[in-house]
Amino acid sequence: MTAENQKLYDQRLKRLNDALDLKEPDMVPIDVEGGKFMINYAGYKMKDAIYDTSLEVYKDSVKKFMKDFNPDQISISAANFFGEGPGYEATGTKNMFIAGMKGNPIDEDSLHQHVEYPTLMDDEFEEFLTDQTGWRIKKYFPRVASIFDGWKDLDLSFDHRAAINTALALSKPEVKETIQKLWEVGEFYQKQRKAFADAVKEFAELGYPNLAGTGGIVSPFDNYSDNYRGTILSLEDLYVNPEVIEAYTNNFHKIQLEKIRNMNKDGRFTGKYVSTMLHKGIDGFMNDECYAHFYWPHLYEIMEEEIKAGMIPMMFCEGKYNTRLKYLKQSPAGRKLFRFETIDMKLAKQELKGVACIGGAFPSTLLQFGTKEQVREEVKRFLEDAMPGGGYIFRTSASIDAAKVENVEVLFETVREYGKD
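Spelled out as structure tokens, the structure:
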């Protein structure tokens with residue numbers, strides 16, 4: 024890293040850390056995810072970035088976005104499957120579409136689309152709770168990806184002849200074929216993830232810090248709803264099958280807490296985000312009583328363990344979150360970031376001042392459909408509501424995928440102009 028880039032890196036990192044420490048930085052840091060916008064801005068389609076395993080399209084797009092707009096953190100956008108196309112397609116996914124995939128119902132420049140459907144049926148609760156490994160192998164896996172079709176009849180026997188019976192079960196042609204395909208996908212992803220990590224290091228050399236540490240921590244209820252029952256059935260289960268939710272989520276929660284305790288033993292994630300997307304905690308999805316019982320206690324302990332481990336909980340509060348502020352206000356002491364999709368930012372600042380760093384909620388749709396004047400005035404309003412006293416990082420409600428270039432330019436210009444005393 025050159026001396027000039029090191030200076031810029033240190034300035035940006037201090038700006039971010041000051042905000043996370045609830046201090047007033049020299050100016051409000053901007054952490055806007057480029058996503059699809061930066062791919063298109065560099066002259067590409069999403070298919071190009073997703074199926075380019077060299078990651079040159081992705082790197083070119085990130086570098087142009089950072090050079091032209093100057094955010095305070097690298098726009099990694101790993102959730103967009105950049106460079107993953109061939110590997111992801113090889114799994115035969117049934118619940119996710121990505122741009123460029125064969126037989127795709129979405130176009131070549133679309134964001135990925137998740138298809139939600141229940142994978143856990145009403146008559147499988149007992150098996151789900153008593154034999155999760157067997158249920159997942161024979162039912163869940165084949166329901167989400169065709170690569171697992173050969174496991175539909177796989178039975179593993181655990182007795183004094185377990186080694187022999189397991190060897191026989193795994194030697195069936197259809198099972199061996201599945202294992203071979205999984206090895207190939209695994210080898211692809213080992214290379215892809217190393218290339219992605221190398222790209223992030225390359226971006227850092229240009230003077231941009233990266234606080235993204237690790238994801239993979241989810242609310243136990245979200246895990247149950249997103250992966251197994253779907254939105255509608257998980258809502259019904261709150262009343263019809265609450266004992267199933269409680270049994271699963273409590274057990275899953277214990278596993279996750281242990282995962283967190285072991286996540287940062289070597290210190291590599293100290294001061295880095297642990298990302299959690301809060302899908303089903305939104306206002307109006309579940310009532311206050313259900314949120315307090317099935318959702319918040321787990322979330323509190325997740326944040327508590329992450330802070331103890333030296334990491335920064337980064338909670339993306341999806342949907343409306345006004346009525347949940349009274350819970351977030353009680354969150355454990357320590358560095359943390361609540362990023363909102365839809366919130367009364369003035370109220371959020373009032374309730375969470377001195378408790379947590381906040382960001383988000385600036386409507387990404389305004390960048391797509393609004394005028395430059397509307398964007399400028401809305402940015403100024405957000406700064407007036409959230410900047411005083413520090414503890415604020417400017418983020419949008421979601422990625423800026425379909426934004427007008429001139430509106431993105433105005434956004435950055437306005438934050439830099441008015442985001443300081």
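Just so you know, the numbering used here puts 109 at position 86 of the sequence shown, and the rest follows in order with no gaps.
Backbone N, C-alpha and C define an ideal beta-carbon position, used for all residues, glycine too.
Given the structure is predicted, the values throughout are model-derived calculations rather than measurements.
Exposed or buried, what is F392 when buried is set at 16 or more other beta-carbons lying within 10 Å of its beta-carbon?
Sixteen is the threshold: since fewer than 16 other Cβ atoms of the shown chains lie within 10 Å of the Cβ of F392, the residue is exposed.
Return helix, strand or coil for K125, following the three-state DSSP convention.
Looking at K125 - three-state DSSP - the assignment turns out to be coil, as it is neither helix nor strand.
Cβ pair V51, M410 closer than 7 Å:
The answer is yes: Cβ separation under 7 Å.
Quick check on the burial criterion: 16 or more other C-beta atoms within 10 angstroms. Buried or exposed for D311?
The residue in question, D311, is exposed, as its Cβ has fewer than 16 Cβ neighbours within 10 Å.
Would you mind working out which of D146, I99, Q155 sits nearest R216, comparing C-alpha positions?
R216 has its Cα closest to that of I99, out of D146, I99, Q155.
Which of helix, strand or coil DSSP assigns to E228
In the structure shown, E228 sits in coil (DSSP, three-state: anything other than H, G, I, E or B).
Bridge partners of T299, per DSSP?
DSSP lists M338 as partners of T299.
Pull up the distance between the alpha-carbon of E429 and that of I416, whole angstroms please.
A direct Cα-to-Cα measurement between E429 and I416 gives close to 22 Å.
Rounded to the nearest angstrom, what separates R291 and F105 at their Cα positions?
Pairing R291 with F105, the inter-Cα distance amounts to about 24 Å.
Just to confirm, does F120 get its C-beta within under 6 Å of one of the non-hydrogen atoms of the ligand NAP?
Only the bare structure without any ligand can be found here, which leaves the ligand NAP out of the picture.
If we ignore side chains and look at the alpha-carbon of each, how far apart do R166 and F88 end up?
Straight-line Cα distance between these residues: approximately 39 Å.
List in chain order: all unbroken beta strand (DSSP E) runs of 3+ residues lying wholly within the segment 57-96.
Restricting attention to beta strand (DSSP E) runs no shorter than 3 residues, the segment 57-96 encloses none.
What's the call for N287, buried or exposed, on a 16-neighbour Cβ count within 10 Å?
Taking a 10 Å sphere around the C-beta of N287, we find 16 or more other C-beta atoms and assign the residue as buried.
R404: buried (16+ other C-beta within 10 angstroms of its C-beta) or exposed?
Exposed.
Endpoints, the beta strand (DSSP E) within which R362 is located:
Counted as a single uninterrupted DSSP element, the beta strand (DSSP E) harbouring R362 occupies residues 360-365.
Taking the straight line between their C-alpha atoms, what separation do you get for D33 and M326?
Spanning the two alpha carbons is a distance of roughly 27 Å.
Bridge partner(s) assigned by DSSP for H316:
Residue pairing for H316: DSSP places it in no beta bridge.
Ordered along the chain, which non-local residues of its own chain (more than five positions away) have a Cβ less than 6 Å from that of Y350?
Within the same chain, Y350 has close Cβ partners W319.
Whole angstroms are fine: how far does the CA of Q373 sit from the CA of E341?
Annotation: E341 to Q373 spans about 20 Å, alpha carbon to alpha carbon.
Which two residues bound the contiguous beta strand (DSSP E) that contains A235?
Here the beta strand (DSSP E) through A235 covers 235-237.
Would you check if the distance between the CB atom of N28 and the CB atom of L229 is smaller than 7 Å?
N28 is a Cβ neighbour of L229, given a cutoff of 7 Å.
How many angstroms separate the CA atom of E200 from the CA atom of K117?
Answer to the nearest angstrom: the Cα atoms are 19 Å apart.
Which of the three DSSP states is assigned to K46 in this structure?
Three-state DSSP puts K46 in coil, outside helix and strand.
Residue from R284, D71, N103, L301 with nearest C-alpha to F361
When each option's Cα is compared against that of F361, the closest is L301.
Is K372 helix, strand or coil when you go by DSSP?
It is helical.
Buried or exposed: where does L375 fall if 16 or more other Cβ atoms within 10 Å of its Cβ makes it buried?
It is buried - the Cβ of L375 has at least 16 other Cβ atoms within 10 Å.
Using a Cβ distance threshold of 8 Å, determine whether the segment 240-249 contacts the segment 263-282, with at least three qualifying pairs required.
At 8 Å Cβ cutoff, the stretches touch.
Given this structure, state the Cα-to-Cα distance separating A192 from I170, to the nearest angstrom.
C-alpha separation (whole angstroms): 17 Å.
Considering only C-alpha positions, which residue in the set S84, S194, P128, N264 is nearest to A222?
Sorting S84, S194, P128, N264 by C-alpha distance to the C-alpha of A222 places S84 at the top.
Hey, out of A371, A185, P355, whose CA is closest to E324's CA?
Minimum Cα distance to E324 is reached at P355.
My output table needs one value for M119: the three-state DSSP class, helix, strand or coil.
Three-state DSSP puts M119 in a strand.
Y140 by DSSP, collapsed to three states: which one?
It is coil, neither helix nor strand.
Applying the criterion that 16 or more other CB atoms from any shown protein chain within 10 Å of the CB defines a buried residue, is W206 buried or exposed?
Flag for W206 reads exposed.
May I ask which residues mark the beginning and end of the beta strand (DSSP E) holding G294?
First-last for G294: undefined, no H or E at that position.
Kindly confirm or deny that the segment 144-154 and the segment 170-189 touch, where touching means at least three C-beta pairs closer than 8 Å.
Between the segment 144-154 and the segment 170-189, the count of Cβ pairs shorter than 8 Å is below three; the stretches do not touch.
Closest to K82 by C-alpha separation, out of F435, Y251, A227, S298, would be which residue?
The residue with the shortest Cα to Cα distance from K82 is A227.
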